[in-house]
Amino acid sequence: MNSAQVDAYLRRLGVDHPAWPTVDVLRELHLCHLRSVPFENLSIHLGEEIVLEEKWLLDKVVGARRGGFCYELNGAFGALLAALGYDVALLAGRVYGDGERLGIPYDHLALRVRTVDGGDWLADVGFGAHSHLPLAFGERGEQEDPGGTFRIVEAQPDAAGVRGGHDTVEAADLDVIRDGRPQYRLEVRPRVLGDFVAGAWWHSTSPVSHFTRSLVCSRVTEDGGRITLSGRRFTVTGADGTREERELGTDEEVLGVYRERFGIELDSVPTVRGTGQDG
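Numbering that gives the first Met the number 0 numbers the first residue of the sequence shown as 0 and each following residue consecutively.
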């Protein structure tokens with residue numbers, strides 16, 4: 000990223016250019032990203048190509064002021080952090096599904112970030128409802144966050160009896176747990192963006208991927224809650240967990256919510272690919 004791209008990205012987040020890549024700055028960038036850049040899968044249903052290359056990601060997230068899913072959001076955020084002087088590693092994860100079954104390899108992309116004032120942090124602005132702030136990577140106890148109570152623990156053997164990683168604790172896979180439920184399993188080996196192409200393709204094309212079967216657009220609100228538009232259902236979740244839902248009637252209402260609440264300008268209402276339905 001060049002300096003103009005960095006400045007444009009920071010303007011998108013509403014953050015001044017930081018003097019040093021510290022943990023306090025990382026926390027600010029992480030929270031502002033969740034508030035400013037929505038988690039969304041609209042490209043899949045709009046017929047837009049998803050390309051895991053830095054220029055494409057910046058053109059989408061910064062230039063077009065769109066969001067994306069994990070590969071795009073954490074891919075772009077990782078590039079920004081690296082440009083600001085952070086030591087960034089891309090990590091591959093497998094998401095826990097129904098029955099705590101693990102998803103495909105390269106199911107998820109998260110970031111391990113090292114700051115100049117010490118410590119490694121798990122940054123993840125691409126998992127939907129998750130931690131609002133980076134998690135201490137080496138901490139194995141509970142970590143309180145506005146998004147819940149989190150733990151990062153050494154993974155136990157999977158369904159095949161494999162623990163993952165190697166025989167040393169430092170190389171073992173890690174489970175990220177939120178409010179007592181496992182969210183995803185991380186490998187600690189660093190990856191490059193191109194490693195995730197197959198995972199992004201599968202999630203964008205497979206009929207069993209939840210991304211191809213539904214529409215979602217979601218972001219954290221300034222008060223610590225969340226707003227989500229799933230098809231025509233608009234949900235406002237308060238910081239205390241209270242929920243208000245309403246069905247949007249007209250296309251104008253739907254496009255207005257995309258525009259006014261998520262900053263996304265669309266010409267037409269997205270419909271779930273292959274169904275013609277917008278929910």
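Beta carbons: idealized from backbone N, C-alpha and C, even for Gly.
The bridge partners DSSP lists for residue 39 are 216.
Nearest to residue 138 by alpha-carbon distance, out of 128, 120 and 144, is 120.
Assignment of residue 186 by DSSP, reduced to helix, strand and coil, places it in the coil class.
Secondary structure of residue 199 (DSSP, three-state): helix. DSSP, reduced to helix, strand and coil, places residue 44 within a helical segment of the structure shown. Assignment of residue 124 by DSSP, reduced to helix, strand and coil, places it in the coil class.
Of the residues 35, 31, 80 and 38, the one whose Cα lies closest to the Cα of residue 5 is 80.
If the five residues before and after residue 73 are omitted, its C-beta is found closer than 8 Å to the C-beta atoms of 89, 108, 109, 110, 122, 123, 124 and 125, all from its own chain and listed in chain order.
Separation of residue 71 and residue 259 (C-alpha to C-alpha, rounded to the nearest whole angstrom) is 22 Å. When secondary structure is reduced to three states using DSSP, residue 81 falls in the helix class.
Residue 112 and residue 175 have their C-alpha atoms roughly 16 Å apart. In the DSSP assignment, residue 57 falls within the unbroken alpha helix (DSSP H) covering 53-57. For residue 272, the CB contacts under 6 Å within the same chain, skipping 5 residues up- and downstream, are 44 in chain order.
Of the residues 129, 228 and 215, the one whose Cα lies closest to the Cα of residue 181 is 129. Looking at the backbone, the Cα of residue 192 and that of residue 67 are separated by about 15 Å. Around the C-beta of residue 217, 16 or more other C-beta atoms lie within 10 Å, and the residue is accordingly described as buried. With a contact defined as Cβ atoms closer than 8 Å, residue 61 and residue 7 qualify at about 5 Å. The beta carbons of residue 22 and residue 116 sit closer together than 8 Å. Residue 237 has its alpha-carbon roughly 12 Å from the corresponding atom of residue 244. Judged by beta-carbon spacing, residue 91 lies within the 8 Å limit of residue 190, meaning their Cβ atoms are closer than that value. Bounds of the beta strand (DSSP E) holding residue 89 are 86-94.
When the beta-carbon positions are compared, residue 103 and residue 201 come within less than 8 Å of each other.
Following the DSSP letters along the chain, one finds residue 3 inside the alpha helix (DSSP H) bounded by residues 2-12. Here residue 22 carries a helix assignment [DSSP, helix/strand/coil]. Nearest C-alpha to residue 28 among 39, 99 and 14: 14. Contact annotation: residue 265 and residue 256 have beta-carbon atoms that are not nearer than 8 Å. According to DSSP, residue pairing for residue 112 in a beta bridge involves 87 and 120.
Residue 229 holds the alpha-carbon nearest to the alpha-carbon of residue 269 among 229, 234 and 240.
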